[in-house]
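Have a look at the structure below before the remarks.
Protein chains: 2
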Amino acid sequence: MSKLRFRISMSLDGYVAGPNQSIKEPLGVGGERLHDWVVSLAEWRASHGKSGGETNTSSAVFAESYANLGATIMGRNMFGGHPGPWDAKSPWQGWWGKNPPFHHPVFVLTHHPREPLTLEGGTTFNFVTTGIEDALDQARKAAGAKDVALAGGAKVAQQYLAAGLVDEMEINLAPILLGGGERLFERVGDDLHGLELVRTVATPKVVHIKLERRKGS
Amino acid sequence: MSKLRFRISMSLDGYVAGPNQSIKEPLGVGGERLHDWVVSLAEWRASHGKSGGETNTSSAVFAESYANLGATIMGRNMFGGHPGPWDAKSPWQGWWGKNPPFHHPVFVLTHHPREPLTLEGGTTFNFVTTGIEDALDQARKAAGAKDVALAGGAKVAQQYLAAGLVDEMEINLAPILLGGGERLFERVGDDLHGLELVRTVATPKVVHIKLERRKGS
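If you read the protein sequences in the order shown, they are chains A and B. Each number in my numbering corresponds to the 1-based position in the first sequence with 160 added. Each number in my numbering corresponds to the 1-based position in the second sequence with 160 added.
In structure tokens:
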């Protein structure tokens, strides 16, 4: 069965977004510092149509995290737009323009039903109102032999972690403090549900900490 | 000038002690799991008069963290005993018995004056009521050419971190969740005061993350 894989950048004080998130600063004040390590990579820049950048030991980790993915799950807040029912006349189309970088089906958890939204490049946003387990079932069917990415945000990730549904987790630990904002590890209890440390890769900018579900658990 | 060095074991969710700390469970419920990596080391066992144990890549990190220390600073809660003024008849002597494992002067931050307490093996507990900076001055004088260890607990460490007085920090990140308790990175703001990631060492049980103050800052 395809794995549910979660990767996220987190500060030393545990935040995955800074304080005061807004449309202008979706990652909160100072939150972009979480991604300093990735936006400097040539591989990331190429995937976003930019030239330049560096190749270092984070490059292989970055490439691996995007390989073999057949579907993505995200929360409504990450998809974006105003909370509440969708605007019937011109519903929010996501942050990513006409050709989003997913190139596979995306399942958006929401309380508000909506028809699927097909954009260019193979990305279709499907809106799921039936909960995290059903979203995972649908995503797995769509992914086929490939894996499913859990994109976030924090609240959706917390639900999947607490339910023991995450098979692989990579924390990109940035050696910074944000001092406030949204923590990843809140409301998830004290059980990692068999996730064990399997690999650590470090550069001066980031420590990649990979956990996988123990075999048989 | 001698460095102020701080090392601590922390869970993936940021706790340095579990919930419901008590005399029976000074590290809180589940808190001993933070130290699974160290109590299995032959080097730690030898330093506590025990035989057996293993030698692995954590052994050198453990040895380094105890080398070249000439004084220790700790908070009143870590020293232990009931809060408030010292019992005049039989004041608390610390957790460590007649021959504590420090073997150098220890400076205990407290609001309650008390004469120094000299025990066996070179350990004298000095009680400092004049604040963290004065305690550091006294500890540096006592340490001479050696460094000063900041032993904790969390609240005292937070004060030194927020004041930018920590020169070196090693976080021993245990791949576990505690789900509650005392977090290290609270009330310290968003400034690491020049501390930068300089080294990462990993085993299946722990990720050692070392930060040092940038030269010139």
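For every residue, glycine included, the Cβ atom is placed at its ideal position computed from N, Cα and C.
Local Cβ density within 10 Å of residue i, reported as buried at 16 or more and exposed below that
{"i": "B:D196", "result": "exposed"}
{"i": "A:Y320", "result": "buried"}
{"i": "A:V288", "result": "buried"}
{"i": "B:D307", "result": "buried"}
{"i": "A:P260", "result": "buried"}
{"i": "A:W273", "result": "Here residue 273 of chain A turns out to be Pro, not Trp, going by the sequence shown. With fewer than 16 other Cβ atoms within 10 Å, it is exposed."}
{"i": "A:E330", "result": "buried"}
{"i": "B:M161", "result": "exposed"}
{"i": "B:K370", "result": "buried"}
{"i": "B:V199", "result": "exposed"}
{"i": "A:N180", "result": "exposed"}
{"i": "B:A309", "result": "buried"}
{"i": "B:A231", "result": "buried"}
{"i": "B:S250", "result": "exposed"}
{"i": "B:T290", "result": "exposed"}
{"i": "A:S218", "result": "buried"}
{"i": "A:H208", "result": "exposed"}
{"i": "A:A311", "result": "buried"}
{"i": "B:A295", "result": "buried"}
{"i": "B:A334", "result": "buried"}
Element boundaries [alpha helix (DSSP H), containing residue i]
{"i": "A:D351", "result": "That residue, A:D351, is in no alpha helix (DSSP H); it is neither H nor E in DSSP."}
{"i": "B:R300", "result": "I292 to A303"}
{"i": "B:V367", "result": "It is not in any alpha helix (DSSP H) - B:V367 instead sits in the beta strand (DSSP E) that spans V366 to R373."}
{"i": "B:G238", "result": "A quick correction: the sequence has Met, not Gly, at residue 238 of chain B. Its alpha helix (DSSP H) spans residues R236 to F239."}
From the options, residue whose alpha carbon lies closest to that of residue i
{"i": "A:H353", "options": "A:V326, A:E330 and A:L338", "result": "A:V326"}
{"i": "B:I183", "options": "B:L172, B:S219, B:W255 and B:S218", "result": "B:W255"}
{"i": "B:E328", "options": "B:H264, B:E372 and B:W204", "result": "B:E372"}
{"i": "B:M170", "options": "B:L194, B:T363 and B:A248", "result": "B:L194"}
{"i": "A:K258", "options": "A:A248, A:L277, A:W246 and A:K365", "result": "A:L277"}
{"i": "B:I336", "options": "B:E192, B:A220, B:I369 and B:Q298", "result": "B:E192"}
{"i": "B:M238", "options": "B:S162, B:Q253, B:D247 and B:K370", "result": "B:Q253"}
{"i": "A:V366", "options": "A:L164, A:L201, A:E293 and A:A311", "result": "A:L201"}
{"i": "B:N156", "options": "B:K249, B:E280, B:K163 and B:L355", "result": "The requested residue 156 of chain B does not occur in the structure, where chain B is confined to residues 161 to 377."}
{"i": "B:V189", "options": "A:V358, A:E356 and A:G349", "result": "A:G349"}
{"i": "A:R236", "options": "A:N286, A:G209, A:A362 and A:Q298", "result": "A:N286"}
{"i": "A:E224", "options": "A:M234, A:E280 and A:R165", "result": "A:R165"}
{"i": "B:F222", "options": "B:I168, B:L172 and B:A322", "result": "B:I168"}
{"i": "A:L187", "options": "A:G313, A:D297 and A:D351", "result": "A:G313"}
{"i": "B:H264", "options": "B:E185, B:A206, B:P251 and B:E280", "result": "B:E280"}
{"i": "B:P364", "options": "A:W204, A:L357 and A:H368", "result": "A:L357"}
{"i": "A:V361", "options": "A:A220, A:A295, A:L296 and A:E275", "result": "A:A220"}
{"i": "B:A322", "options": "B:E293, B:L172, B:N332 and B:D297", "result": "B:E293"}
{"i": "B:A248", "options": "B:E275, B:Y226, B:F262 and B:M234", "result": "B:E275"}
{"i": "A:D297", "options": "A:L172, A:I233, A:G282 and A:F262", "result": "A:I233"}
{"i": "B:N332", "options": "B:D351, B:R359, B:H368 and B:R374", "result": "B:H368"}
{"i": "A:D382", "options": "A:K375, A:G324, A:R374 and A:Y226", "result": "Since the first residue shown for chain A is 161 and the last is 377, residue 382 of chain A is missing from the structure and cannot be characterised."}
Run of the beta strand (DSSP E) containing residue i, from where it starts to where it stops
{"i": "A:A323", "result": "Looking at the DSSP string, A:A323 is not in any beta strand (DSSP E), and its letter there is neither H nor E."}
{"i": "B:E328", "result": "E328 to A334"}
{"i": "A:R274", "result": "Per DSSP, A:R274 belongs to no beta strand (DSSP E) and is neither H nor E."}
{"i": "A:G312", "result": "D307 to G312"}
{"i": "B:M170", "result": "L164 to S171"}
{"i": "A:T284", "result": "T284 to V288"}
{"i": "B:L269", "result": "P265 to L269"}
Open item on the list: I'd like the ranges of any beta strand (DSSP E) spanning at least 3 consecutive residues and lying wholly in the stretch 174 to 234 of chain B.
Closed with: Entirely contained in the stretch 174 to 234 of chain B, the beta strand (DSSP E) runs reaching 3 residues are, in chain order, 175 to 177.
TODO: Evaluate contact between the stretch 175 to 192 of chain A and the stretch 310 to 317 of chain A, counting only Cβ atoms and requiring at least three cross-stretch pairs below 8 Å.
DONE: Contact between the stretch 175 to 192 of chain A and the stretch 310 to 317 of chain A is present, because at least three Cβ pairs lie under 8 Å.
- [ ] Evaluate contact between the stretch 208 to 218 of chain B and the stretch 238 to 247 of chain B, counting only Cβ atoms and requiring at least three cross-stretch pairs below 8 Å.
- [x] As far as the Cβ criterion goes, the stretch 208 to 218 of chain B does not touch the stretch 238 to 247 of chain B, which means the pair count is below three.
TODO: Check whether the stretch 264 to 274 of chain A touches the stretch 344 to 351 of chain A, taking contact to mean three or more Cβ pairs, one atom from each stretch, closer than 8 Å.
DONE: Not touching, per the Cβ criterion.
Open item on the list: Does the contact criterion of 3 or more C-beta pairs under 8 Å hold for the stretch 333 to 343 of chain A versus the stretch 299 to 308 of chain A?
Closed with: Taking 8 Å as the limit for Cβ pairs, the verdict is that the stretch 299 to 308 of chain A does not touch the stretch 333 to 343 of chain A.
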